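Chains as they are written, first to last, in the working numbering: chain A, 1347 to 1609; chain B, 251 to 344.
Note that beta-carbon positions come from the ideal geometry of N, C-alpha and C, so glycine has one too.
Bear in mind the structure is a predicted one, so any value in this text is a computation, not a measurement.
Contents: one structure, followed by commentary.
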C-alpha cells in the first residue's frame, strides 16, 4: 500500500520539529553551560539535532511539493503549525518556570535522557523504513542519538547520586518532566496508517523499551521513578504550550524581519 | 569558568598503527566524563580513533629547572647515534 504523501509530510514534520525545537532549546546553553567542556558538548548535541531537522524538513518540503524549503518550514510557520512534542519546547528552567528564568542543567539532562532514549529507539527502527529517505536519515541519526543518550545518562547518574542539592534538583526535574514523556508514545490514525505501510515507527511500541532504558538509570541514580498520571498532549496536532511561541519568536525574528538573510 | 574540577590530559590516536599523542587538557569531574568531554573538544573533526585521558595529577614531569642536568649531557655524545659508526667495507647483514 502506497502511503499518502500528506501523511509522510506530517510524519517527517513530527520527527523534524522535535529535533529543531530541541536544538533551539539546547543552543540557549551556548556560552552559559556550567563548564566550557559542557558548553561544547551541548552545542554539539544541538548541532546534531539541527542537522537531522534540516534533512527532515527539507524532505517534508519536497514531498509536499508546494515549493517550501527547510527555511520556509522552520522560520515561516506559526506555533499551531509545528508538530513537535511538548517535551522539547519546555523551558530549560522547567515547565513551571517563568519566562526568562535561567536554565537548570538538571532539567536539560532529564529532558535529554527522555528525548534521546525515544529518538534512539525510533531511529533504530526507522532504518528499516520502506521510505528510503527516512531510512537514510535514521541511519545517520541513530549514532548521534546513542551518544546523546550516553551523555544524558552519565549526568543523570552523577547529579542524582551526587550531593544532597543535586539529588533534590535532579529528582524535581524528573518529576516535572515525567508527565510530558507520555506524549512521545501516543499514537493516532496517521502513524497507524504509516506504520502499517512500513514507513513509520509506531511510537506506542516504544514505551516498553524506553522504560527499560530509563528506569535503570533512575534507579542507579537513586532517583524515584515518578508514577504515571497526568499526560498532557497536543503537540502533534499543533496545540502547544505558550513556551513554544516565545521560542519561535526568538528563532524566527531575524528571518521574518530580513527574509532570506544569509551570513 | 571552571568550578574547580580536576584537570585531565588528553591523548588521541589519529589512526590505527600510530601512537597516542598529547593534544591538550580539560576539566571534568571524573575520568568517564573526561573521556566524553575529550571526544567533544578534541575529536569533532575526525581527529582520532582512540582517546586516553589521564589525571594531570598522576603525571610526574621533568622540571624545567633540571633541564640542563637532564638533557645537556647528551649533546656531545655523538657515539650514541648510529651515524657515528662507519660500516666496514664488505660487512654484510648489519
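Considering residue i, what are the terminal residues of the alpha helix (DSSP H) in which it resides?
i	result
residue 1509(A)	Looking at the DSSP string, residue 1509(A) is not in any alpha helix (DSSP H), and its letter there is neither H nor E.
residue 1564(A)	1553-1566
residue 1541(A)	1535-1542
residue 283(B)	281-292
residue 1389(A)	1382-1410
residue 1598(A)	1588-1603
residue 1416(A)	1416-1421
residue 318(B)	317-321
Taking the alpha-carbon positions, what's the residue i to residue j distance?
i	j	result
residue 1579(A)	residue 283(B)	35 Å
residue 1287(A)	residue 1356(A)	The structure shown does not extend to residue 1287(A), since chain A is modelled only from 1347 through 1609, so no value can be given for it.
residue 1391(A)	residue 1369(A)	8 Å
residue 1396(A)	residue 1418(A)	15 Å
residue 1455(A)	residue 1365(A)	16 Å
residue 1413(A)	residue 1565(A)	49 Å
residue 256(B)	residue 308(B)	11 Å
residue 1577(A)	residue 298(B)	44 Å
residue 272(B)	residue 323(B)	26 Å
residue 1573(A)	residue 1451(A)	23 Å
residue 1599(A)	residue 312(B)	56 Å
residue 1609(A)	residue 1394(A)	20 Å
residue 1434(A)	residue 1457(A)	7 Å
residue 251(B)	residue 1382(A)	Here the model assigns residue 251(B) a pLDDT of 46, short of 50, so the residue's position is not dependable and the matter cannot be decided.
residue 1517(A)	residue 1594(A)	29 Å
residue 333(B)	residue 1500(A)	54 Å
residue 1351(A)	residue 1410(A)	7 Å
residue 1378(A)	residue 1371(A)	12 Å
residue 331(B)	residue 339(B)	20 Å
residue 1498(A)	residue 1553(A)	18 Å
residue 1416(A)	residue 1491(A)	22 Å
residue 1388(A)	residue 285(B)	15 Å
With residue i as the anchor, note down where its beta strand (DSSP E) starts and where it stops.
i	result
residue 1475(A)	Where residue 1475(A) is concerned, there is no enclosing beta strand (DSSP E), given that its DSSP letter is neither H nor E.
residue 259(B)	257-263
residue 271(B)	271-277
Can the beta-carbon of residue i be found closer than 7 Å to that of residue j?
i	j	result
residue 300(B)	residue 263(B)	yes
residue 276(B)	residue 261(B)	no
residue 1363(A)	residue 1471(A)	no
residue 1467(A)	residue 1525(A)	no
residue 1488(A)	residue 1464(A)	no
residue 1568(A)	residue 1549(A)	no
residue 1401(A)	residue 1358(A)	no
residue 1441(A)	residue 1374(A)	no
residue 1520(A)	residue 1563(A)	no
residue 1539(A)	residue 1353(A)	yes
residue 1545(A)	residue 1476(A)	yes
residue 1437(A)	residue 1586(A)	no
residue 1406(A)	residue 1584(A)	no
residue 1495(A)	residue 1460(A)	no
residue 303(B)	residue 1386(A)	no
Verify the contact flag: residue i, CB atom, against every heavy atom of the ligand MN, threshold strictly below 6 Å.
i	result
residue 1514(A)	Questions concerning the ligand MN fall outside what the structure shown contains, since it holds no ligand whatsoever.
Chain B beta carbons: is any one of them nearer than 7 Å to that of residue i?
i	result
residue 1502(A)	no
residue 1456(A)	no
residue 1386(A)	yes
residue 1470(A)	no
residue 1542(A)	no
residue 1390(A)	yes
residue 1416(A)	no
residue 1427(A)	no
residue 1383(A)	yes
If you run the structure through DSSP and keep just helix, strand and coil, what is residue i?
i	result
residue 298(B)	coil
residue 1572(A)	coil
residue 332(B)	helix
residue 304(B)	strand
residue 1468(A)	helix
residue 1363(A)	helix
residue 1428(A)	coil
residue 251(B)	Its pLDDT being 46, under 50, residue 251(B) is placed unreliably in this model, and the value from its coordinates should be taken loosely. Here residue 251(B) sits in coil by DSSP.
residue 1351(A)	helix
residue 342(B)	coil
residue 1444(A)	coil
residue 1458(A)	helix
residue 1524(A)	helix
residue 1433(A)	helix
So that I know if they touch, is there some Cβ in chain A lying closer than 7 Å to that of residue i?
i	result
residue 290(B)	yes
residue 285(B)	no
residue 268(B)	no
residue 276(B)	yes
- Mind listing which residues of the stretch 300-324 of chain B have their C-beta closer than 8 Å to chain D's C-betas, in chain order? Chain labels in this structure do not include chain D; the protein chains are A and B.
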